[in-house]
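Trainee: Numbering (this note's numbering), first residue to last: 346 to 1149.
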């Protein structure tokens, strides 16, 4: 959306600016991407929605790039992670398996790492790789942002990191004020289409088409005074009938028109828009900038919007609960319906029901009098035949003194619900209320009526009553159902990367999410344990000691952590132990502040342990005490961080070596290979050396400048490096000299194969499978030395390193 969220938010922003400790949002660097700047929370703060998504901390506004990709729903959003007011925009990120249970993830798009103005935009999943951006097994997520033109960013690791396509250059240039591109698949023409807001001659959208998400052609323009920012466009089947597809075009304020789309032009015979939601539909109100998901697995059109009216001690703004959209025929023409997604039922616990009751003002009483609840759902149907009440409805979060935090009132004479028109259908009035700590969503008339609201509900025990009332007479209640809704938070890992199943649980110590994984703070022994168990297995992970004395991989353990642990210990050992016995040790210096990679393999009573990707185990022992149990990690006496906890043999594939050592930067191991992050030059060096050889491997730069093969190096990394550089070269260099370069496009996120052959002073470099070298040079500064890898001002990956 726009640079500022409008004058209506000025007072709100001013009142919030000093609440969250810290500094305004700032540009980040590759070295700290992907950033996870959030303080720990239990998501139980006053006014924090328990089933409405809000950012773990900071400011959020528009939903961006809503997609279902690689088995997860991804919710990106406009975000200032460093304060409670609007400031330098990032793209926040959360994921869910079911649209209900959301997990905060690290920053997706970050100023300073990703170029351009990272304002609102859309996203799609390129399942058929029309863009050619796919580099691995996962479908690429491709998102669109920027202002006065459109830039493209993409992820090949399911949203963990994003790269800028073509260095972030605008692939569409719009020489007037514009923003908020939304891309969708045009199935009839088998190509992509985009709507982007611009003020060219007034409010409206420009439509573009593309065969591949990268090359865009202007198609047409649809102008309308009401069509201001954050457009969305999607097809819906009228009355659910196949072959009766209509196209819907919406604005940020939830106004919409229904028409047709022939692949280039949107047309409608409507003279004015309808309102999809009856809340306060302005920036910072209770419903704004709604967007629909792309590629839902069941074909539903699911929508979420921004609610700016919710705020707490550490966050500002939340999203509406996801709804399925429909399009139905009415006497006035086709109209949108909004219905909460069925997955809401997964939160339900206690349920109460009533049937065929009369609500009578004269008799008093309250059918809900013994119900106390904080977060819940109510559905109720009233029969208007013979009703004499002038009003009826519910008081929510009611107190014994007669007050309540919000009343949902139907006025029988005006035929309004909460002051908005609602005529009885077949003589009945049906309403559905979703009540959360800071949110109230009201639905009626089979979804034709939708009103989203923010309410500061008082969750104190004496403020959790519900009153069903009538005024001035009576009304028949056909049926009502109350369902208590549990919290949707704390169900998955935010930053810990692992193929182990959850839920995880702590057995001792405090465990928090940080950008590098899961951080423990413990006095004695503390364990963090998964729900995955096994007997014989390969288990590996990365461990970084901060103040802790020791940290290790725990396996074949019970729920308290009693089992085997292989750990690194600052006393100078790698140790395999179980309660009551140190089984085996290996003497080696252990330094705080660097990541160590441990791998354990169990075969019956035999237990082997490898350190830092060495070819041979440093411990090979036997013990029969535990035969099976859960996988987890252990930290002892202090703080430490764990990451990349995986079972299976996938990992860093490299030539035989004794042990690898980092020299600058952070180096960890994922199932996809060696991952490095370094703000300047960083090296990861083996203990194997050579003079004349053939050395090759696969390299990628996920964000930043360069990655390379290092050889004939000293133990500080000084030697030769052949690298791929995203400035557009393959380079052979040594400290103080660029020996030779070869100009070629190097795309961030794409994997490149490099091969180096040395013969005395002659050094040749091949790119890909080419028969001829792209570099053939001579230099005699280094004649022999260590093999390793290098990263420069980048997040990098290396795999399949061989020496011949």
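Glycine included, C-beta positions come from ideal geometry on N, C-alpha and C.
Please read all numbers here as calculations on a predicted model, not as lab measurements.
Name the one or two DSSP bridge partners that residue 664 has.
Mentor: Answer is 651, bridged to residue 664.
Trainee: Assess contact between the region 563-571 and the region 636-653, defined as three or more Cβ pairs (one per stretch) separated by less than 8 Å. Is contact present?
Mentor: Verdict: no, contact absent.
Trainee: Below 8 Å, can you find three or more Cβ-Cβ pairs linking the region 866-876 to the region 934-945?
Mentor: Too few Cβ pairs lie closer than 8 Å, so no.
Trainee: Hey, could you find the ends of the beta strand (DSSP E) residue 1069 is sitting in?
Mentor: Taken as a continuous stretch (DSSP letters only), the beta strand (DSSP E) holding residue 1069 covers 1065-1070.
Trainee: Rounded to whole angstroms, what's the CA-CA distance from residue 699 to residue 725? Just pull it up for me.
Mentor: If I take the Cα positions, the gap works out to 9 Å.
Trainee: Helix, strand or coil for residue 602, going by three-state DSSP, please let me know.
Mentor: Strand.
Trainee: Please confirm if the region 817-828 is in contact with the region 730-740, defined as three or more CB-CB distances below 8 Å between the two stretches.
Mentor: In short, these stretches touch, since the Cβ pair count reaches three.
Trainee: Tell me whether residue 465 sits in a helix, a strand or coil according to DSSP, three-state version.
Mentor: In the structure shown, residue 465 sits in coil (DSSP, three-state: anything other than H, G, I, E or B).
Trainee: For my contact list, residue 397 and residue 663 are in at a C-beta cut-off of 8 Å; report their separation, rounded to the angstrom.
Mentor: Sure, about 5 Å apart at Cβ, within 8 Å.
Trainee: Under the assumption that residue 1136 contacts residue 1039 (Cβ atoms under 8 Å), give the Cβ distance between them as a whole number of angstroms.
Mentor: Contact doesn't hold; Cβ gap of about 22 Å is too wide.
Trainee: Would you mind giving the Cβ-Cβ distance between residue 1031 and residue 381, rounded to the nearest angstrom? I have them listed as a contact below 8 Å.
Mentor: Not quite, the Cβ-Cβ distance comes to about 31 Å (not below 8 Å), so this is no contact.
Trainee: To the nearest angstrom, how far is it from the Cα of residue 1143 to the Cα of residue 587?
Mentor: Looking at the two C-alpha atoms, the distance is approximately 49 Å.
Trainee: What are the residues that DSSP puts in a beta bridge with residue 1111?
Mentor: DSSP output for residue 1111 lists 1100 as bridge partner(s).
Trainee: Relative to the C-alpha of residue 855, which candidate in 983, 894, 815, 1088 has its C-alpha closest?
Mentor: Residue 983 is the option with its Cα nearest to residue 855.
Trainee: How far does the beta strand (DSSP E) with residue 964 in it reach, from first residue to last?
Mentor: 964-967 is the span of the beta strand (DSSP E), which, as asked, contains residue 964.
Trainee: Can you find the residues in the same chain that come closer than 8 Å, C-beta to C-beta, to residue 402, ignoring five residues on each side of it along the sequence?
Mentor: Counting only Cβ-Cβ distances below 8 Å, and skipping sequence neighbours, we find 365, 382, 383, 384, 386, 426, 659, 660.
Trainee: Going by C-alpha distance, which of 884, 861, 910 is nearest residue 871?
Mentor: Looking at the Cα atoms, 910 is the closest of the given residues.
Trainee: Can you find the residues in the same chain that come closer than 8 Å, C-beta to C-beta, to residue 918, ignoring five residues on each side of it along the sequence?
Mentor: Contacts found: 930, 931, 932, 933, 935.
Trainee: Give the straight-line distance between the Cα atoms of residue 985 and residue 842, rounded to the nearest whole angstrom.
Mentor: Going by the C-alpha atoms only, they are around 16 Å apart.
Trainee: Check residue 1142 in the structure and name its three-state DSSP category.
Mentor: In the structure shown, residue 1142 sits in a strand (DSSP, three-state: E or B).
Trainee: Please report the straight-line C-alpha distance between residue 1118 and residue 1053, rounded to a whole angstrom.
Mentor: Near 16 Å, if we compare the C-alpha coordinates of residue 1053 and residue 1118.
Trainee: In its own chain, which residues sit with a C-beta less than 8 Å from the C-beta of residue 1083, not counting the 5 before and 5 after it?
Mentor: Closer than 8 Å at the Cβ level, and outside the excluded window around residue 1083, lie 1076, 1077.
Trainee: Taking DSSP as the reference, what is the three-state secondary structure of residue 513?
Mentor: DSSP places residue 513 in helix when its eight states are reduced to three.
Trainee: Three or more beta-carbon pairs under 8 Å between the region 821-835 and the region 705-724, yes or no?
Mentor: The answer is yes - the region 705-724 touches the region 821-835, with three or more Cβ pairs under 8 Å.
Trainee: Among 430, 544, 558, which one has its Cα closest to the Cα of residue 570?
Mentor: Looking at the Cα atoms, 544 is the closest of the given residues.
Trainee: Is there contact here, the region 780-799 with the region 753-768, by at least three beta-carbon pairs under 8 Å?
Mentor: The answer is yes - the region 753-768 touches the region 780-799, with three or more Cβ pairs under 8 Å.
Trainee: Is the CB-CB distance between residue 865 and residue 896 below 9 Å?
Mentor: Result yes, Cβ atoms of residue 865 and residue 896 sit closer than 9 Å.
Trainee: Give the single residue among 1044, 964, 694, 373 whose Cα lies nearest to the Cα of residue 997.
Mentor: Here the closest residue by C-alpha is 1044.
Trainee: Are the Cβ atoms of residue 808 and residue 751 separated by less than 9 Å?
Mentor: Cβ atoms of residue 808 and residue 751: not closer than 9 Å.
Trainee: Residue ranges of each beta strand (DSSP E) run of no fewer than 3 residues wholly in the region 922-978, ordered along the chain?
Mentor: For the region 922-978, whole beta strand (DSSP E) runs of length 3 or above, ordered along the chain, are 926-932, 940-948, 951-956, 964-967.
Trainee: Leaving out five residues on either side along the sequence, give the residues of the same chain with a beta carbon under 7 Å from the beta carbon of residue 893.
Mentor: Correct list, in chain order: 980, 981, 982, 983, 984, 985.
Trainee: Taking just the CA atoms, how far does residue 453 sit from residue 414?
Mentor: Distance between the alpha carbons of residue 414 and residue 453 is about 15 Å.
Trainee: In terms of residues, what are the limits of the beta strand (DSSP E) holding residue 701?
Mentor: Unbroken beta strand (DSSP E) run through residue 701: 693-705.
Trainee: Figure out for me which residue from 882, 915, 907 has the closest Cα to the Cα of residue 889.
Mentor: Looking at the Cα atoms, 915 is the closest of the given residues.
Trainee: Scan the region 788-846 and note each continuous beta strand (DSSP E) run of 3 residues or more that stays entirely inside, going in chain order.
Mentor: Listed in chain order, the complete beta strand (DSSP E) runs (minimum 3 residues) inside the region 788-846 are 794-799, 810-816, 819-830.
Trainee: By how many angstroms is the C-alpha of residue 905 removed from the C-alpha of residue 965?
Mentor: Taking the straight line from one Cα to the other gives about 26 Å.
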